[in-house]
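Peer 1: Numbering (my numbering), first residue to last: 7 to 436.
All residues carry an ideal CB built from backbone N, CA and C; glycine is no exception.
Below is a structure I'd like to ask you about.
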C-alpha cells in the first residue's frame, strides 16, 4: 500500500495542507489504515470545494474503482466507492441508462456522491442521490463492515448520506439507474429581466424535469437578478446507437494571473451572454446539458493561485426573493466580484434524509475569487441566510460559520473520521 505525505487541496484550491495520504487497493488495506490511524477522513476525487475531505490523514478511495456488476435489464449498478461517474457513463449509456440524479460534474466518485448526497437540476422531481441508493457497505471505526440500506441499519444509512464522511469509509454501493432512449434532450431557453421574473418563470414551468438558471451577479437596480432559465427534458425518440457524447475540451494549463477575472471583464461577459441567449428550443446532448463545465479542464485555475470560494445556500421558497435580493445587495456593497451565479429550485426533503442539503425552495451558488476581504462578506451573508432559515452546502463550504450547515458531527459519527470541516464545526460548538 502506498502512503506518502502530499500537498492536498480540493477543487477550490483553498485551503491547502500537507497530509499523509494512503492509497489502499483492497478492503483489507482500507481496514488496516482505519485501525492504524487515530484520525482520518476518506477522500474521493477532491471535487468538493472546501475543506470537507481534507485532514492530517487522508484515505484515498481512487484505487477502489471497479464496477462490480451492472444489470442492463433492471438498471442496477454495483460499484466500488472510488469509481467515477465518468467511468460509469461509458458503461451504462450504451445500454440505454443514465443517472436519476447527477451533479454538474461527472468527475466525482460514487462514495463522494453519497457522502455529499449530491443533487442536480431535477431535485423537485427526483430528489437527491440517496433516493436511488439500494444499499452500501460501510467500514466503521472498529474495522467492522456494515451493510446499510433504507431497510437495514436505516439510521446509519441516512446519517451517512450527506454525512460528509463522518460515519466511516464507504466501500461500495448499489443504486438504480434511469432508462433513456436517446443521448439528446430538448432544451428551452427563457430570458428574465429581473429576479422576480426569473423566480416566476421557475414556478410557471414546474412540469419540466430539469431547470437551472444563470444569473447576472453584477446587474443592479431594476435589472437585479436578471438571468437565463434553462429547461430540459429527455428526447423521446429512439436512437439507433447510444454512447456518451464527447466534445472538444479546452484545457487551462496554468493558473491565471489574478487580474484576469476582474469586474470590467465580467461585466462585458455578462452583457454578451445575456444578449446571445436567444429564447427558444434546441437539441442538446447529455454532456452539454449536465456537464458544461467539464468541457473546460481545470477551469478552477482561472481564479488564480489564491483559489475560489463558492457560497451556495438554500432558502425556503417564501423567503427566496427577499433573501436573494439582499444577498446581491450585500455583494454589490462589498468590493467582491460575483462570477458564476446559479439558481436551482428544490422540492421537499424526505424527513429521513436528515443531512441532505436541499430544502423546499431555492438555492443560489455564487463563485468568488478568494481575496483578503471575502471572509468579511461571507460573515454578512451567513447572518442574513441564517435569519431567513437557510443553510449552506457543506460540500462547497470553505469559509462560512460552522453552524451554517445545520449538521452536528457528534450526532453523525465517531471521532475517528476527522476533517478540517469537522474541526471547524466542533471548535465552534465548544
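Grab the span of the beta strand (DSSP E) containing residue 166 for me, first residue to last.
Peer 2: One-based indexing of the chain shown puts residue 166 at position 160. Unbroken run through residue 166 is the alpha helix (DSSP H), 160-166; no beta strand (DSSP E).
Peer 1: Going by other Cβ atoms of all chains shown within 10 Å of its Cβ, with 16 needed for buried, is residue 271 buried or exposed?
Peer 2: Position 265 of the chain shown, counting from 1, holds the residue named residue 271. So residue 271 ends up on the exposed side.
Peer 1: Classify residue 206 as buried or exposed, calling it buried when 16 or more other Cβ atoms lie within 10 Å of its own Cβ.
Peer 2: Walking along the chain shown from the start, residue 206 turns up at place 200. By the neighbour-count rule (16 or more Cβ atoms within 10 Å), residue 206 is not buried but exposed.
Peer 1: Give me the Cα-Cα distance between residue 295 and residue 148, rounded to the nearest whole angstrom.
Peer 2: Indexing the chain shown from 1 puts residue 295 at position 289. Indexing the chain shown from 1 puts residue 148 at position 142. Going by the C-alpha atoms only, they are around 43 Å apart.
Peer 1: Helix, strand or coil for residue 325? Go by DSSP, reduced to three states.
Peer 2: Looking up residue 325 in the chain shown gives position 319. Helix, per DSSP.
Peer 1: Select from 314, 15, 196 the residue whose C-alpha is nearest the C-alpha of residue 211.
Peer 2: Here residue 211 is taken as the residue at index 205 of the chain shown, counted from 1. Here the closest residue by C-alpha is 196.
Peer 1: With a Cβ-Cβ cutoff of 7 Å, do residue 290 and residue 191 count as a contact?
Peer 2: As a first step, residue 290 must be located in the chain shown, where it is residue number 284. As a first step, residue 191 must be located in the chain shown, where it is residue number 185. Yes, Cβ-Cβ distance for residue 290 and residue 191 is below 7 Å.
Peer 1: According to DSSP, which residues form a beta bridge with residue 239?
Peer 2: One-based indexing of the chain shown puts residue 239 at position 233. Residue 239 pairs with 192.
Peer 1: Indicate whether the contact test is met: 3 or more Cβ pairs, each with one atom in the region 244-260 and one in the region 149-165, closer than 8 Å.
Peer 2: As far as the Cβ criterion goes, the region 244-260 does not touch the region 149-165, which means the pair count is below three.
Peer 1: Starting from residue 63, follow its DSSP beta bridges and name the residues at the other end.
Peer 2: Within the chain shown, the letter at position 57 stands for residue 63. Beta-bridge pairing links residue 63 to 26.
Peer 1: Can you name the start and end residues of the beta strand (DSSP E) that residue 367 belongs to?
Peer 2: Locating residue 367 in the chain shown gives position 361, counting from the first residue. Element bounds for residue 367: 367-375.
Peer 1: Counting Cβ pairs closer than 8 Å, one from the region 350-365 and one from the region 388-400, do we hit at least three?
Peer 2: Contact holds: three or more Cβ-Cβ distances are below 8 Å.
Peer 1: Taking buried to mean at least 16 other C-beta atoms within 10 Å of its own C-beta, is residue 278 buried or exposed?
Peer 2: The residue you call residue 278 lines up with position 272 of the chain shown. It counts as exposed.
Peer 1: Thinking C-beta only, is residue 227 closer than 7 Å to residue 204?
Peer 2: Here residue 204 refers to the residue found at position 198 of the chain shown. Here residue 227 refers to the residue found at position 221 of the chain shown. Not a contact, by the Cβ cut-off of 7 Å.
Peer 1: Which residues in the same chain have their Cβ closer than 6 Å to the Cβ of residue 302, if we skip the five residues on either side of it in sequence?
Peer 2: Looking up residue 302 in the chain shown gives position 296. Cβ within range, chain order: 256.
Peer 1: Helix, strand or coil for residue 55? Go by DSSP, reduced to three states.
Peer 2: Counting from 1 along the chain shown, the entry for residue 55 is found at position 49. Three-state DSSP puts residue 55 in coil, outside helix and strand.
Peer 1: Within the same chain, show all residues whose beta-carbon is closer than 6 Å to that of residue 184, passing over the 5 residues directly before and after it, in chain order.
Peer 2: Residue 184 sits at position 178 when you count from the first residue of the chain shown. Excluding positions up to five away in sequence, the list reads 104, 106.
Peer 1: Report buried or exposed for residue 160, applying the criterion of at least 16 other Cβ atoms within 10 angstroms of its Cβ.
Peer 2: Here residue 160 is taken as the residue at index 154 of the chain shown, counted from 1. The residue in question, residue 160, is exposed, as its Cβ has fewer than 16 Cβ neighbours within 10 Å.
Peer 1: May I ask you to check if the CB of residue 321 is nearer than 6 Å to at least one heavy atom of the ligand MN?
Peer 2: This structure lacks the ligand MN, and indeed carries no ligand of any kind.
Peer 1: So residue 84 is in the beta strand (DSSP E); what residue range does that whole segment cover?
Peer 2: Position 78 of the chain shown, counted from the first residue, corresponds to residue 84. 82-86 is the extent of the beta strand (DSSP E) around residue 84.
Peer 1: Round the Cβ separation of residue 293 and residue 242 to the nearest angstrom and send it over; I've been treating them as touching at under 8 Å.
Peer 2: The residue you call residue 293 lines up with position 287 of the chain shown. The residue you call residue 242 lines up with position 236 of the chain shown. Not confirmed; about 20 Å, so no contact.
Peer 1: Counting only runs of 3+ residues fully inside the region 168-226, write out the beta strand (DSSP E) ranges in chain order.
Peer 2: Counting only runs of 3 or more, we get 175-185, 190-198, 216-221.
Peer 1: Got a sec, what are the start and stop residues for the beta strand (DSSP E) residue 11 sits in?
Peer 2: The residue given as residue 11 occupies position 5 in the chain shown. 8-15 is the span of the beta strand (DSSP E), which, as asked, contains residue 11.
Peer 1: In this structure, does DSSP put residue 149 in helix, strand or coil?
Peer 2: Residue numbering aside, residue 149 sits at position 143 when the chain shown is read from its first letter. Looking at residue 149 - three-state DSSP - the assignment turns out to be coil, as it is neither helix nor strand.
Peer 1: Specify the secondary structure class of residue 94 as computed by DSSP and reduced to three states.
Peer 2: Residue mapping note: residue 94 aligns to position 88 of the chain shown, counting from 1. Helix at residue 94.
Peer 1: Counting beta carbon pairs with one atom in the region 314-330 and one in the region 91-103, are three or more of them shorter than 8 Å?
Peer 2: As far as the Cβ criterion goes, the region 91-103 does not touch the region 314-330, which means the pair count is below three.
Peer 1: Going by beta carbon distance, what residues of the same chain come within less than 6 Å of residue 347, once the five residues before and after it are set aside?
Peer 2: Numbered from its first residue, the chain shown carries residue 347 at position 341. 221, 223, 372.
Peer 1: Using CA coordinates, which residue listed in 391, 134, 102 is at the minimum distance from residue 186?
Peer 2: On the chain shown, residue 186 is found 180 positions in, with the first residue counted as 1. With distances taken between Cα atoms, residue 186 lies closest to 102.
Peer 1: What did DSSP end up calling residue 300 once you bin it into helix, strand or coil?
Peer 2: Reading the chain shown from its first residue, position 294 is the one you call residue 300. In this structure, residue 300 counts as helix in the three-state DSSP scheme.
Peer 1: Since residue 25 and residue 38 should fall inside the 8 Å C-beta cutoff, what is the C-beta to C-beta distance between them, to a whole number of angstroms?
Peer 2: Your numbering for residue 25 matches position 19 in the chain shown. Your numbering for residue 38 matches position 32 in the chain shown. Incorrect: roughly 18 Å between the Cβ atoms, too far for contact.
Peer 1: Less than 7 Å separating the beta-carbons of residue 87 and residue 52?
Peer 2: Mapped onto the chain shown, residue 87 falls at position 81. Mapped onto the chain shown, residue 52 falls at position 46. No, the Cβ-Cβ distance between residue 87 and residue 52 is not below 7 Å.
Peer 1: Residues in the same chain with beta-carbon distance under 7 Å from residue 33, minus the five sequence neighbours each way, listed in chain order, please.
Peer 2: Stepping through the chain shown from its first residue, residue 33 is reached at position 27. Result list for residue 33: 177, in chain order.
Peer 1: Going by C-alpha distance, which of 29, 407, 136, 46 is nearest residue 171?
Peer 2: On the chain shown, residue 171 is found 165 positions in, with the first residue counted as 1. Residue 171 has its Cα closest to that of 46, out of 29, 407, 136, 46.
Peer 1: Expressed to the nearest angstrom, what Euclidean distance is found between the alpha-carbon atoms of residue 273 and residue 305?
Peer 2: Mapped onto the chain shown, residue 273 falls at position 267. Mapped onto the chain shown, residue 305 falls at position 299. Looking at the two C-alpha atoms, the distance is approximately 19 Å.
Peer 1: Are the beta-carbon atoms belonging to residue 129 and residue 353 less than 7 Å from one another?
Peer 2: In the chain shown, counting from the first residue as 1, residue 129 sits at position 123. In the chain shown, counting from the first residue as 1, residue 353 sits at position 347. A contact, by the Cβ cut-off of 7 Å.
Peer 1: Name the residue from 165, 248, 378, 406 whose alpha carbon lies nearest to the alpha carbon of residue 390.
Peer 2: As a working mapping, residue 390 is identified with position 384 in the chain shown. Of the candidates 165, 248, 378, 406, the one whose C-alpha sits nearest the C-alpha of residue 390 is 406.
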